[in-house]
Amino acid sequence: MPYVHTVPYTAIESIPGAERVAPDLWLLRGRPRHKFNAYVMGDVLLDARTRHAARSILRQLEGVYLGAHVLTHAHIDHMGASHEICERLGLPLLCHEADVGAAESGCRLGLESKPRFVRLEHRLLAGPGHKVSARLDEGEEIAGFRVLHTPGHSAGHLAFWRESDRVLIVGDVVFNVRPPLGRRGMMLAPAMMTPEPARNLAAARRLAQLDPEIVCFGHGPPLTDGELFGKFVRQASYYAT
0 MPYVHTVPYT AIESIPGAER VAPDLWLLRG RPRHKFNAYV MGDVLLDART
50 RHAARSILRQ LEGVYLGAHV LTHAHIDHMG ASHEICERLG LPLLCHEADV
100 GAAESGCRLG LESKPRFVRL EHRLLAGPGH KVSARLDEGE EIAGFRVLHT
150 PGHSAGHLAF WRESDRVLIV GDVVFNVRPP LGRRGMMLAP AMMTPEPARN
200 LAAARRLAQL DPEIVCFGHG PPLTDGELFG KFVRQASYYA T
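So the sequence shown is numbered by numbering that gives the first Met the number 0: it starts at 0 and just counts up by one.
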């Protein structure tokens, strides 16, 4: 079931405290800055950080018309506040088919068999699951962006591409901050958090071939040097990270 606008969309003039990355694309304020990113993309909220971010996100969205909430992927640091936000604002939740189980369970599927540190992180950051209203897949369009299926970091990971001004949202295919110390700099999604590193590297190479001018990440500040992104990806390897 594809997402459709139910109300004519009017461009957002401003979101107090948010960073305007490009026309109709806003990076919401968060603490620590750029650690967990959530965007307003047209009339869509893209990702929702951890469960602790719900109040901050809702406060920034006061008076902002939204038609849907979309996930780049169903991990706890991207959908922790999704249930509360969807309930409060009456938004449908959208993601790729392969991540529906994780989104609806709050990433609890198979959790009992995960390492202890994963279970502890889940307890600290995760929110409830939420019913997925519609699926997004390769080639569809939403909020002026084309949907790209980029599996690897998760089976249903999505990226978003707007060719008109060459804006690319890569989600967690590539980070622009290096955990755990938070130093700026690009790296592939960490292998220990990425079930299929080889597919993630292939996704990064595919995205770099689009030759973007602005690159937005799930973690780390936006990048306005597309050539630097392309150079990083050409040299990237999981053996080097």
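All C-beta atoms in this analysis are idealised placements derived from N, C-alpha and C, irrespective of residue type, glycine included. Just so you know, these numbers come straight off a predicted model, no measurement behind them.
One alpha carbon belongs to Ala-207, the other to Glu-12, and they sit about 30 Å apart. Residue range 67-69 is occupied by the beta strand (DSSP E) that includes Val-69.
At least 9 Å separates the beta-carbon of Ile-75 from that of His-33. Bridge pairing for Val-39: Trp-25, Leu-44 [DSSP].
Annotated three-state conformation of Leu-119 is helix, per DSSP. Bounds of the beta strand (DSSP E) holding Val-146 are 144-148. The shortest C-alpha to C-alpha distance from Ala-158 to any of Asp-164, Val-146, Gly-151 is the one to Val-146. By the neighbour-count criterion, in which 16 or more other beta carbons inside 10 Å mark a residue as buried, Gln-234 falls on the exposed side.
Taking one beta carbon from each stretch, the stretch 168-181 and the stretch 205-223 have 3 or more pairs nearer than 8 Å; the two touch. Around Arg-134, the same chain offers Glu-96 as residues with beta carbons nearer than 6 Å, after the five sequence neighbours per side are excluded. One alpha carbon belongs to Glu-83, the other to Gly-89, and they sit about 10 Å apart. DSSP, read as helix, strand or coil, puts Gly-100 in helix. DSSP places Cys-215 inside the beta strand (DSSP E), whose first and last residues are 213-216. In chain order, Gly-100, Ala-101 place their CB closer than 7 Å to the CB of Leu-108, counting only its own chain and leaving out the 5 sequence neighbours on each side. Pairing Leu-70 with Cys-215 gives a Cβ-Cβ distance that is not under 9 Å. Per the coordinates, the alpha-carbon of His-77 lies some 16 Å from the alpha-carbon of Pro-91. Taking the Cα positions, Asp-46 is about 11 Å away from Ala-52.
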